[in-house]
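Using our numbering, read the sequence shown as starting at 1 and increasing by one per residue.
Quick reminder that beta carbons are idealized off the backbone N, C-alpha and C, glycines included.
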Amino acid sequence: MLMTPSNTTTPFASSQANYARHGSSVEDIEHRILEVRASWNVQERIRRRRAAKERFGHLVETLLIDDAH
């Protein structure tokens, strides 16, 4: 889950200025992301979910190890 400040409506809002410089609005980018995700079949969704869980686990491990030092 992405953590965003309570005054924003999208997890990409903090980078909106960067996207605008490249000619794409936050809404355009979010729309494209949703289009790509919609094209995934069930196996692809499962594979990506597992990969994301692994990355998150590695991140938590790294943070806990860094915090212990």
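{"Query": "Three-state secondary structure assigned by DSSP to Gly-57", "Result": "helix"}
{"Query": "Local conformation of His-69 per DSSP, three classes", "Result": "coil"}
{"Query": "Neighbourhood of Met-3 by C-beta distance below 6 Å, restricted to the same chain and skipping five residues each side", "Result": "Note on Met-3: pLDDT 46, under 50, position unreliable in the model; the coordinate value appears next. Counting only Cβ-Cβ distances below 6 Å, and skipping sequence neighbours, we find nothing."}
{"Query": "For Val-26 and Arg-49, the rounded distance between their alpha carbons", "Result": "24 Å"}
{"Query": "Same chain, Cβ closer than 8 Å to Trp-40, five either side skipped, listed in chain order", "Result": "Arg-48"}
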